[in-house]
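Presented below is the structure to which this report refers.
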Amino acid sequence: MIKVSDTASKKIVEMMKDDGFDATQDYVRVGVKSGGCSGLSYELKFDKELGENDKVFEDNNIKIAVEKKSFLYLVGTILEFSGGLNGKGFVFNNPNAQRTCGCGESFSL
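Residues 1 to 109 (the UniProt record's numbering) make up the sequence shown, in order.
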């Protein structure tokens, strides 16, 4: 399962509305791809449809779609939003990551 913090939930709803998506019906697609300075990087985008290999979760009023191949890398992850002095953006608190890069956008197992 993937969890969404209160701050991230509010920001997702706002961003989805700005991009023409509806958080009550559409999905936040979270995934992992090869690349980044630590070997794997996170993907985050909005989607209106599910694929046949998607797992779906709902937390904090956000529907999350994850392809099965990415799920094992992301199980237990908490999606947060940071608006502090170090920059704004989504932060993946992933208990499976053994090493992360300074930017927080990539990791390795």
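In this text, a Cβ means the ideal position worked out from N, Cα and C, and glycines have one as well.
Beta bridge counterpart(s) of residue i as assigned by DSSP
i	result
aspartate 47	Tyr27
alanine 65	Arg29 and Val56
phenylalanine 92	Leu79
valine 4	Leu79
C-beta atoms of residue i and residue j nearer than 8 Å
i	j	result
threonine 77	phenylalanine 92	yes
lysine 63	tyrosine 27	yes
lysine 48	valine 66	no
Residue nearest to residue i in terms of C-alpha spacing, selected from the options
i	options	result
asparagine 96	Asp59, Ser82, Ser70 and Gly83	Ser70
threonine 24	Lys33, Lys55 and Asp59	Asp59
valine 32	Thr7, Tyr73 and Asn61	Tyr73
Per the contact definition of three or more C-beta pairs closer than 8 Å, is the region 38-50 in contact with the region 3-10?
-> no
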